[in-house]
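For the protein sequence lines, the chains are A and B, in the order given.
Offset between the first sequence (1-based) and the numbering used here: plus 113.
Offset between the second sequence (1-based) and the numbering used here: plus 113.
No residue lacks a Cβ here, since even glycine has one placed at the ideal position from N, Cα and C.
In this text, all values refer to a predicted model and were calculated from it rather than measured experimentally.
Protein chains: 2
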Amino acid sequence: MAGRNLVGPEADALDLGAVFRALADEHRRSVMMELAADRSDSERGCNSFDLPISKQTQTHHFRVLREAGLIDEIDYGNRKGIRLRRADIEKRFPGLLTLLGAESPGGTAPR
Amino acid sequence: MAGRNLVGPEADALDLGAVFRALADEHRRSVMMELAADRSDSERGCNSFDLPISKQTQTHHFRVLREAGLIDEIDYGNRKGIRLRRADIEKRFPGLLTLLGAESPGGTAPR
DNA sequence: CTTCAAGTACGACTTGCATCGTACCTGAAG
DNA sequence: CTTCAGGTACGATGCAAGTCGTACTTGAAG
Numbered sequence: 114m115a116g117r118n119l120v121g122p123e124a125d126a127l128d129l130g131a132v133f134r135a136l137a138d139e140h141r142r143s144v145m146m147e148l149a150a151d152r153s154d155s156e157r158g159c160n161s162f163d164l165p166i167s168k169q170t171q172t173h174h175f176r177v178l179r180e181a182g183l184i185d186e187i188d189y190g191n192r193k194g195i196r197l198r199r200a201d202i203e204k205r206f207p208g209l210l211t212l213l214g215a216e217s218p219g220g221t222a223p224r
Numbered sequence: 114m115a116g117r118n119l120v121g122p123e124a125d126a127l128d129l130g131a132v133f134r135a136l137a138d139e140h141r142r143s144v145m146m147e148l149a150a151d152r153s154d155s156e157r158g159c160n161s162f163d164l165p166i167s168k169q170t171q172t173h174h175f176r177v178l179r180e181a182g183l184i185d186e187i188d189y190g191n192r193k194g195i196r197l198r199r200a201d202i203e204k205r206f207p208g209l210l211t212l213l214g215a216e217s218p219g220g221t222a223p224r
């Protein structure tokens, strides 16, 4: 019931390249922008982001975000929780979340 | 002799996605880290970065950085100058250059 | 003029990555 | 137990991007 936390890198081990690669994708960036804009940092369901892509692809994107150290994934078995690692990101890359939170959600269309 | 400035996007038109995509590449990121760390913002030759890649690929990378709005390229015909667009970047994405400049040059090895 | 170095244009190759189809696992509700 | 929805694992596919080879252009030096 408690749900186990899937592991990501330590706060000091966050790699800037991995972070930029994670944020280079439009869908992952929209997730991070939503998380950064919500100052309550509450745990969210991973289907609460209305991503226009299949389940398998969503799994892939959340995994990339977790492996970059940007989010925690809490595994409940048949459900999954998402939480922003705000403190760790702010410690390692101060100002990054401010950039994301300040960006307008549907503003910049890719391509 | 004066060299003409190759055009990039306006300061307000900088796209966060394009910037993250540009910074996702290791070589482009190392160029930007060098530029961000040098507070004098002097114009540099594009062969002053010791990139372990061919001329053609370097041309490609500098083009990506310019089209993302991160640098200016000054064309002298048989030579090219590179200049960081520090003011425009700071205006649109405050704190981004601080992140890059604070990163250790050969610190995090990708792959 | 010729020569040379720096850079670009174009194309080909290769790798990486986003996406999805199929199958399987997990936990809750009947 | 069975059923069902949420999620994952594995593989295949298609496309974007990094890389380089060849050829061409530019400007300076001789």
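- Interface annotation, Phe-162/B: not in contact with chain A, CB-CB separation never under 7 angstroms.
- For Arg-117/A, the closest of Ala-150/A, Ser-153/A, Arg-192/A and Phe-206/A by C-alpha to C-alpha distance is Arg-192/A.
- The C-alpha of Asp-188/A is placed about 42 angstroms away from the C-alpha of Arg-179/B.
- Asp-185/B and Glu-139/A have their C-alpha atoms roughly 26 angstroms apart.
- When DSSP reads this structure, Ile-195/A sits in a beta bridge with Arg-157/A and Glu-186/A.
- Setting aside the 5 residues that flank it on each side, Met-145/B is surrounded in the same chain by Leu-213, each with a C-beta closer than 6 angstroms to its C-beta; the list follows chain order.
- The residue from Glu-123/A, Asp-154/A, Ser-153/A and Gly-194/A with its alpha-carbon nearest to that of Thr-172/A is Gly-194/A.
- A straight line joining the alpha-carbon of Val-132/B with that of Arg-142/B spans about 11 angstroms.
- Taking each of Ala-181/B, Gly-158/B and Ser-161/B in turn and checking the Cα distance to Ala-137/A, the smallest one comes out for Ala-181/B.
- For Ala-137/A, the nearest beta carbon of chain B is closer than 7 angstroms to its own beta carbon.
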